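Note sheet for the following structure.
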Amino acid sequence: MTSKKSAQKSARIMQQKAQRNKPIRSSVKTTITKARKLILQNDLDAAQEAVKQAAVALDKAVRKGVLHPNNAARRKSRLMKQLNQALAASTKREE
Numbered sequence: 001m002t003s004k005k006s007a008q009k010s011a012r013i014m015q016q017k018a019q020r021n022k023p024i025r026s027s028v029k030t031t032i033t034k035a036r037k038l039i040l041q042n043d044l045d046a047a048q049e050a051v052k053q054a055a056v057a058l059d060k061a062v063r064k065g066v067l068h069p070n071n072a073a074r075r076k077s078r079l080m081k082q083l084n085q086a087l088a089a090s091t092k093r094e095e
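Numbering (our numbering), first residue to last: 1 to 95.
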């Protein structure tokens with residue numbers, strides 16, 4: 001435990017913020033995982049909707065200050081890249 005009163009207060013505040021941010025982080029991870037699973041299962045119509053929901057969840061987390069904007073942008077970019085590759089592969093199979 002810290003010895004200074006101000007350090008103790010900042011430690012309490014950090015715990016409160018972590019507790020407040022945890023469910024938001026968890027829901028973001030869940031939406032991303034659902035989207036990735038749908039992409040891997042080649043359920044591309046549902047995957048497109050899930051990717052949109054994941055992007056919205058990431059944007060909300062950024063607005064609330066839970067995630068850094070670059071972190072959210074990187075995650076959205078990777079998710080979109082996976083979806084676009086799956087879409088491209090499915091159109092090649094159809095041809």
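Every residue, glycine too, gets a C-beta built ideally from N, C-alpha and C.
Bear in mind the structure is a predicted one, so any value in this text is a computation, not a measurement.
Looking at the unbroken alpha helix (DSSP H) that takes in residue i, where does it start and where does it end?
{"i": "Gln-15", "result": "5 to 40"}
{"i": "Leu-83", "result": "69 to 94"}
{"i": "Lys-52", "result": "44 to 63"}
Do you know offhand how far residue i's Cα is from residue j's?
{"i": "Gly-65", "j": "Ala-73", "result": "14 Å"}
{"i": "Lys-6", "j": "Leu-83", "result": "Before going on, a small fix: residue 6 reads as Ser here, not Lys. Near 48 Å, if we compare the C-alpha coordinates of Leu-83 and Ser-6."}
{"i": "Asn-42", "j": "Asp-59", "result": "25 Å"}
Taking a contact to mean a Cβ-Cβ separation below 8 Å, would you say residue i touches residue j in this structure?
{"i": "Leu-87", "j": "Leu-44", "result": "yes"}
{"i": "Ile-32", "j": "Arg-63", "result": "no"}
Is the closest heavy atom of the ligand NAD to the C-beta of residue i under 7 Å?
{"i": "Asp-45", "result": "As for the ligand NAD, it is missing from this structure, which has no ligand bound."}
Going by CA-CA distance only, name the one from the options that's closest to residue i.
{"i": "Ala-35", "options": "Glu-94, Ala-61, Leu-67 and Met-80", "result": "Met-80"}
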